[in-house]
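Report on one structure; see the data block that follows.
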Amino acid sequence: MSSPSPKPRVIKDFDKLDVEIQEQIKLEYPEGFEDNLIYFTNKDGKRVSALPFETEEKYYLVRMTVEEAQQIIEDDDDYDADGNLKDEIKEEYEERHAEDVDDEDEGTGFDIADDEDEDDDED
């Protein structure tokens with residue numbers, strides 16, 4: 001019943017993600033984020049929402065409310081007025097991120113990254 005070592009799990013705000021990860025998320029959700037949010041109870045017992053996203057290295061829950069999901073798309077020039085990723089942007093990101101984005105593993109045990117990047121980036 002043992003499985004391979006699980007991927008690191010990270011809970012992080014969209015605007016704190018690396019641009020590369022943001023672009024991959026846009027490819028995964030070209031019609032916007034709000035219909036793909038999941039809901040869970042955090043460690044403080046509060047019901048929160050997040051967008052699930054998985055790379056080969058990590059499993060992310062990107063914190064956002066429905067309103068924030070709508071605002072991100074509305075403010076992002078990569079999306080058209082209907083909230084869909086523009087074709088030329090999609091093609092550009094697909095070329096840039098040719099590797100697959102897998103959707104295999106889901107679970108609990110997330111590391112929470114608040115105001116600091118969870119990577120080794122230092123300002």
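For the sequence shown, UniProt numbering gives the first residue as 1, with consecutive numbering after it.
Note that CB positions come from ideal geometry on N, CA and C, so glycine has one too.
Which residues in the same chain as residue i place their Cβ atom closer than 7 Å to its Cβ, once the five residues preceding and following it in sequence are excluded?
i          : result
residue 78 : 26, 85, 86 and 89
residue 15 : none
residue 93 : 23, 26 and 27
Kindly indicate which three-state DSSP category residue i falls into: helix, strand or coil?
i          : result
residue 64 : coil
residue 90 : helix
residue 50 : strand
residue 12 : strand
residue 85 : strand
In chain order, what residues of the same chain have a beta carbon less than 6 Å from the beta carbon of residue i, not counting five sequence neighbours either side?
i          : result
residue 34 : 66, 69 and 70
residue 80 : 86
Could you say which of the options lies nearest to residue i if we only look at CA atoms?
i          : options           : result
residue 49 : 23, 73, 36 and 18 : 36
residue 95 : 44, 23, 17 and 80 : 23
residue 91 : 30, 18 and 6      : 30
residue 18 : 45, 6, 40 and 55  : 55
residue 32 : 81, 73, 20 and 98 : 73
Check the C-beta distance from residue i over to residue j and give it rounded, since I have them as a contact under 8 Å.
i          : j          : result
residue 61 : residue 11 : 5 Å
residue 63 : residue 13 : 5 Å
residue 8  : residue 58 : 5 Å
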